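Okay, so here's the structure we're looking at.
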Amino acid sequence: MSAVPFAILRHAPTAWNEAGRLQGQTDTGLSSAGEAAARGWRLPAPADGWKRVSSPLQRARRTAELLRPSVPVGVESALREMSFGVWEGRTLAELRAAGGAAFAAAEDAGLDFQPPGGESPRTVMTRIGHWTADLARTGEPVVAVSHKAAIRALLALATGWNMLGRPPHRLDWRSLHYFVAHDDGRVALERLNVSLESGPLDDGSPEGAS
34 MSAVPFAILR HAPTAWNEAG RLQGQTDTGL SSAGEAAARG WRLPAPADGW KRVSSPLQRA
94 RRTAELLRPS VPVGVESALR EMSFGVWEGR TLAELRAAGG AAFAAAEDAG LDFQPPGGES
154 PRTVMTRIGH WTADLARTGE PVVAVSHKAA IRALLALATG WNMLGRPPHR LDWRSLHYFV
214 AHDDGRVALE RLNVSLESGP LDDGSPEGAS
């Protein structure tokens with residue numbers, strides 16, 4: 034059985050992030066603040082020497098291109114954001130106000146939460162699992178730039194979290210997270226919340242990232 038380490042981070046901010054709008058697979062670009070943030074990020078060792086891949090969405094690709102050190106970026110479709118269907122462009126506050134009890138019930142579905150016309154976290158977790166299994170078989174570590182809901186699905190895959198209640202670990206969305214991929218689709222945590230600026234934000238262990 035083979036296994037390979039990899040690291041993942043969320044793209045830098047967009048105007049929709051700042052407005053609290055669900056982006057999903059809507060192809061929004063980085064805001065000026067997001068461009069500035071990504072230019073200031075530097076990958077720590079050993080990720081600074083790894084191959085780089087990103088979601089096909091422009092906010093992720095641009096973040097990957099701006100990360101230091103600068104290297105070519107490949108595109109991996111499995112890293113795209115979860116689709117929020119007809120809810121894309123709306124805020125959670127708007128959806129909760131309009132949807133009432135029905136929307137609350139949808140939010141309580143955990144891994145089976147599925148927006149109309151969109152994907153469930155379980156679906157995203159499956160495609161991420163196929164990608165990590167392929168990664169393990171290649172034997173080549175990578176740094177991946179992806180999206181919040183996709184990374185939450187990866188966390189669920191690694192920990193068994195059913196997305197009901199609080200996540201088992203707190204993720205800093207401006208940090209790098211290390212995992213290990215196995216060729217049978219299993220994923221293990223290695224280090225969470227590693228700063229892109231000055232070093233780790235915690236002790237480097239999964240337990241320290243609550």
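Take any residue in the sequence shown, note its place counting from 1, add 33, and you have its number in this note's numbering.
Beta carbons: idealized from backbone N, C-alpha and C, even for Gly.
Everything numeric in this text was worked out from a predicted model, so none of it was measured.
Nearest in C-alpha terms to N226, of all of W194, H215, R160 and H210, is H210.
DSSP places N50 in the uninterrupted alpha helix (DSSP H) bounded by A48 to A52.
If you ignore the 5 residues before and after A183, its C-beta comes within less than 8 Å of the C-beta of S88, L112, R113, E114, M115, V157 and I161, all in its own chain and listed in chain order.
Cβ-Cβ distances below 8 Å link P102 to R75, L76 and D81 in the same chain, with the five nearest sequence neighbours on each side left out; the list follows chain order. With 16 or more other CB atoms across the displayed protein chains lying within 10 angstroms of its CB, A93 is buried. Counting along the chain, L99 sits inside the alpha helix (DSSP H) bounded by residues Q91 to L99.
Of A166, R185, T171 and A126, the smallest CA-CA separation from G143 is found for R185. Rounded to the nearest angstrom, the gap between the Cα atoms of E173 and S228 is 23 Å.
Excluding the 5 residues flanking it on each side, Q56 has same chain C-beta neighbours closer than 6 Å at W49, in chain order. Counting of Cβ neighbours within 10 angstroms places E140 among the exposed residues, the total staying below 16. T96 is not a Cβ neighbour of A177, given a cutoff of 8 Å.
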